[in-house]
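Colleague:
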Amino acid sequence: MTEFRAPVGTRDVLPPESARWERLAALFAGQVERAGYGLVLSPMFEDVGVFERVGEGTDVVRKEMYDFDDKGGRRIALRPEGTASVVRAFVQHRPTPPFKAWYVAPNFRYERPQAGRFRQHHQVGVEALGTDDADLDVEVLALAWSVCSALGLSQVTLLLNSLGDDVCRPAYLESLRSFLGAASLCDEHAAGYEKNPLRVLDCKRETCVTATADAPRLVDQLCEPCAAHFGRVRAGLDSLGVPYTLQPRLVRGLDYYTRTTFELAAESLDSAQNAVGGGGRYDKLAEALGGPATPGIGFGMGVERLLLACDAEGVFPVPASTLDVWVVDTTGGAEAVALTHELRGAGISADRSFDGRSMKSQFKSADRSGARLALVVGDNELAAGTVTLRDLRGGEQETVDRADLLKHVQERLS
Ligand code: HAM
């Protein structure tokens with residue numbers, strides 16, 4: 002019989018590794034909920050148009066999307082990223098702005114899998130809609146930074162750029178086009194630079210990197226309002242002590258960005274896949290999705306990549322077991338049923354062995370579980386109405402009245 006495996010580019014996350022995922026999501030929620038962001042759950046698939054509107058010129062949408070016709074003949078796509086879904090939900094439900102949302106969700110991209118690049122990856126992220134105040138940019142950037150710090154990551158660089166707006170970008174794109182027209186580019190971009198010249202700045206091929214070394218920079222051609230906005234973002238980050246590096250070549254892989262854009266690069270990871278997060282402003286996206294003109298900004302961080310960076314820096318390890326009690330019952334199992342139920346009901350985590358195992362085997366499982374206490378019921382204890390408590394770390398033990406059990410367990414755990 003065929004033994005099935007997880008599809009190429011996907012991974013199963015099992016305990017105890019999954020405990021890190023829980024902790025990471027909880028840490029993220031803690032950071033962003035403190036800043037007023039609320040959890041948003043949106044569908045894992047959308048009308049394909051939601052994503053086509055936001056990224057027609059990008060690989061993520063053109064080449065990597067999992068799109069298909071459903072049984073009702075609707076053209077559907079699995080979500081390749083979270084922003085378009087949240088903005089679609091904003092446009093649909095019109096919550097009162099500012100609307101501050103966070104999410105933890107899987108995304109699907111048909112990419113060539115490699116270390117740190119998956120076909121299903123997960124992002125924790127925030128989106129904030131309803132104001133173009135530069136203070137919000139500072140808040141969002143500071144949150145992204147604080148998540149890295151809270152994880153214990155110290156080898157991460159915040160790369161910052163401004164992509165301007167409808168006023169200054171068209172003229173910049175013209176100057177970039179004429180520069181690129183005279184440069185020798187890789188085959189892909191020699192053919193495609195006219196359509197989307199910004200993509201050339203993102204090309205990792207040596208030919209394009211060399212050819213664009215002296216390309217005109219958008220930061221030098223920002224209109225006055227965009228330059229002022231960028232100045233306020235930088236001053237705000239400086240005042241909070243959030244360090245950043247200006248990266249005028251940073252264009253990001255999605256089309257919707259305006260003004261502030263950023264990436265978090267982990268120096269501990271291979272440079273091809275070292276972005277642990279990225280984001281920016283998208284002041285035209287709500288309109289593009291049929292809603293009222295509503296500026297917005299957000300970021301997404303790749304859970305798998307964050308954890309790879311944590312591994313590389315030796316921080317945020319798999320947490321130790323949090324199990325309080327292992328019940329060892331050598332009287333047939335009925336005591337274990339009752340005791341685990343009683344303990345759990347009192348808020349104490351408890352587990353046990355099954356299948357009438359020997360005392361030795363049950364203690365082995367107790368040790369393996371990482372539980373702090375073993376609670377032993379043998380024939381003597383059963384007859385005397387007692388239970389023996391053994392500290393699995395220190396080794397000492399005492400026999401207590403069954404009636405006082407919870408009090409003793411709580412004392413030992415506290
Ligand atoms: P993105 O840069 O495409 O942006 O993805 C955000 C992060 O998700 C990346 O920095 C990376 O850590 C992770 N990631 C992306 N693709 C993969 C993959 N194939 N395998 C593993 N990890 C991956 C966005 O998705 C935007 N929605 C971010 C945003 C939010 N912008 C504004 N708001």
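Residue numbers (the numbering used here): 2 to 415.
Virtual Cβ for every residue (Gly too), placed ideally from N, Cα, C.
Can Thr1 be considered in contact with ligand 1, in the sense that its beta carbon sits closer than 8 Å to one or more heavy atoms?
Modeller: There is no way to answer for residue 1, as the model of the chain reaches only from 2 to 415.
Colleague: Can you give me the Cβ contacts of Phe317 inside the same chain, cut-off strictly under 6 Å, excluding the 5 residues immediately before and after it?
Modeller: As a position in the sequence shown, residue 317 is number 316, starting the count at 1. Only Leu152, Gly153 and Cys311 meet the Cβ criterion.
Colleague: Would you call the stretch 268-281 and the stretch 237-245 in contact, with 3 or more CB pairs under 8 Å?
Modeller: No, they do not touch.
Colleague: Helix or strand or just coil, what does DSSP make of Ser322?
Modeller: Position 321 of the sequence shown, counted from the first residue, corresponds to residue 322. Coil.
Colleague: What I want to know is whether the C-beta of Tyr173 ends up closer than 8 Å to one or more non-hydrogen atoms of ligand 1.
Modeller: Taking the first residue of the sequence shown as position 1, residue 173 is located at position 172. Every heavy atom of ligand 1 is 8 Å or more from the Cβ of Tyr173, so no.
Colleague: On the three-state DSSP scale, how would you describe Ser163?
Modeller: Mapped onto the sequence shown, residue 163 falls at position 162. Correct three-state label for Ser163: strand.
Colleague: Is Tyr283 close to ligand 1? I mean its beta-carbon at under 8 Å from any heavy atom of the ligand.
Modeller: On the sequence shown, residue 283 is found 282 positions in, with the first residue counted as 1. Yes, since a heavy atom of ligand 1 falls inside the 8 Å radius drawn around the Cβ of Tyr283.
Colleague: Does DSSP put Arg75 in a helix, in a strand, or in coil?
Modeller: Translated into positions along the sequence shown, residue 75 becomes position 74. It is coil, neither helix nor strand.
Colleague: To the nearest angstrom, how far is the alpha carbon of Arg233 from that of His94?
Modeller: Here residue 233 is taken as the residue at index 232 of the sequence shown, counted from 1. Here residue 94 is taken as the residue at index 93 of the sequence shown, counted from 1. Answer to the nearest angstrom: the Cα atoms are 31 Å apart.
Colleague: Which complete alpha helix (DSSP H) runs does the stretch 292-351 hold, if anything under 4 residues is left out?
Modeller: Here the runs fully enclosed are 304-314 and 335-346.
Colleague: When you compare the CB positions of Glu264 and Ala276, do they come within less than 9 Å of one another, or not?
Modeller: Looking up residue 264 in the sequence shown gives position 263. Looking up residue 276 in the sequence shown gives position 275. For Glu264 and Ala276, yes; Cβs fall inside 9 Å.
Colleague: Any idea what DSSP makes of Ala26, helix, strand or coil?
Modeller: What you label residue 26 is simply residue 25 of the sequence shown in a count that begins at 1. DSSP places Ala26 in helix when its eight states are reduced to three.
Colleague: Taking the alpha carbon of Phe119 as the reference point, which residue from Asn108, Glu128, Gly126 and Ala129 has its own alpha carbon closest?
Modeller: Here residue 119 refers to the residue found at position 118 of the sequence shown. Of the listed residues, the one whose Cα sits closest to Phe119 is Asn108.
Colleague: For Asp271, collect the residues of the same chain with a Cβ closer than 8 Å to its Cβ; drop the 5 residues on either side in sequence, then sort them by chain order.
Modeller: Locating residue 271 in the sequence shown gives position 270, where the first residue counts as 1. Closer than 8 Å at Cβ, skipping near neighbours: Ala116 and Gly117.
Colleague: From this set, Leu15, Asp221, Gly126 and Ala145, which residue's C-alpha is nearest Gly165's C-alpha?
Modeller: Here residue 165 is taken as the residue at index 164 of the sequence shown, counted from 1. Nearest C-alpha to Gly165: Asp221.
Colleague: Between Pro293 and Val87, what straight-line distance do the alpha-carbon atoms span, to the nearest angstrom?
Modeller: Within the sequence shown, residue 293 is the residue found at index 292, counting from 1. Within the sequence shown, residue 87 is the residue found at index 86, counting from 1. Cα to Cα, the separation comes out at about 15 Å.
Colleague: How about Val127 and Phe300: do their beta carbons lie closer than 9 Å?
Modeller: Residue 127 sits at position 126 when you count from the first residue of the sequence shown. Residue 300 sits at position 299 when you count from the first residue of the sequence shown. Contact: yes.
Colleague: Reducing DSSP to helix, strand and coil, say where Phe100 ends up.
Modeller: The sequence position of residue 100 within the sequence shown is 99, counting from 1. It is a strand residue.
Colleague: Where does Asn108 fall in DSSP's three states?
Modeller: Numbered from 1 along the sequence shown, position 107 holds the residue referred to as residue 108. In this structure, Asn108 counts as strand in the three-state DSSP scheme.
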